[in-house]
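Notes follow the structure.
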Amino acid sequence: MATTTDNRIYCTNAGATYLGLSVPNHTGNYNTRYVTYFNTYYPWSTASSGESGKYDVQSVAAHEFGHWLTLYDLYDSGDSEKTMYEWTSSNEIKKRTLTSDDIAGIKHIYP
1 MATTTDNRIY CTNAGATYLG LSVPNHTGNY NTRYVTYFNT YYPWSTASSG
51 ESGKYDVQSV AAHEFGHWLT LYDLYDSGDS EKTMYEWTSS NEIKKRTLTS
101 DDIAGIKHIY P
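Residue 83 in full-length UniProt numbering sits at position 83 of the sequence shown, and the numbers go up by one each step.
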C-alpha cells in the first residue's frame, strides 16, 4: 500500500446482502485506498462476550482489515475457524483473534 492513504469506514444499510465489504482503489499495481462498509441491516454488538443474535464488530473488522492487507476470503469448510473465512455467525467472537494460518498468510505477503 502507498504511504499516504485515505482509508474510510462507513455504516450503511445494504439490505440482506453482506455483513462487511472492503473495496480497494488501485493506482497502477498498488492498492492505495480501501473503503470498508458495515451493513446496518444486521444487528451488531461490541460486547466483550458477544451478544445473542448480533454480529461482532471486532470479528468482522478483523476480517475486513485482512483484505486491506490483501488477504482473500477462505471458502473451504476446513477453514471455518479462521478470521478470513467467508462467513461468521451471530454471537461469534473467536474471529477477533487471528489464527496461526491468518498470521502465516500475512507473513507470506509481507516477509
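Ideal Cβ placement from N, Cα and C applies to all residues, glycine included.
TODO: Pair every Cβ in the segment 44 to 55 with every Cβ in the segment 76 to 84, then say whether three or more of these pairs are closer than 8 angstroms.
DONE: These segments do not touch.
- [ ] Please state whether DSSP places W68 in a helix, a strand or coil.
- [x] In this structure, W68 counts as helix in the three-state DSSP scheme.
Task: 3-residue-minimum beta strand (DSSP E) runs that sit fully inside the segment 3 to 85, ordered along the chain - done: The DSSP assignment places complete beta strand (DSSP E) segments of no fewer than 3 residues inside the segment 3 to 85 at 8 to 12, 20 to 27 and 30 to 39, in order along the chain.
TODO: Assign G89 to one of three DSSP states: helix, strand, or coil.
DONE: The residue asked about is misnamed: residue 89 is Ser in this sequence, not Gly. Note: S89 maps to coil in three-state DSSP.
- [ ] Mind reading off the beta-carbon distance from R96 to S59? Whole number of angstroms is fine, and I expect it under 8 angstroms.
- [x] The pair is a contact, with the Cβ atoms about 5 angstroms apart (cut-off 8 angstroms).
Open item on the list: Rounded to whole angstroms, what is the Cα-Cα separation between Y54 and L19?
Closed with: The question names Tyr, but residue 54 in the sequence shown is Lys. Roughly 11 angstroms between the two C-alpha positions.
TODO: Measure from the alpha carbon of S89 to the alpha carbon of each residue in T70, Y110, A104 and P43, then state which is nearest.
DONE: Comparing Cα-Cα distances from S89 to each of T70, Y110, A104 and P43, the minimum goes to P43.
Open item on the list: One question on the structure: do A14 and Y34 come within less than 8 angstroms of each other, judged by their Cβ atoms?
Closed with: The answer is no: Cβ separation not under 8 angstroms.
Open item on the list: By the DSSP assignment, the alpha helix (DSSP H) with K94 in it spans what residues?
Closed with: Premise fails: K94 is in no alpha helix (DSSP H) and is neither H nor E.
Task: Classification of A104 by the beta-carbon crowding that lies within 10 angstroms, buried from 16 upward - done: The C-beta of A104 has fewer than 16 other C-beta atoms within 10 Å across all chains shown, which makes the residue exposed.
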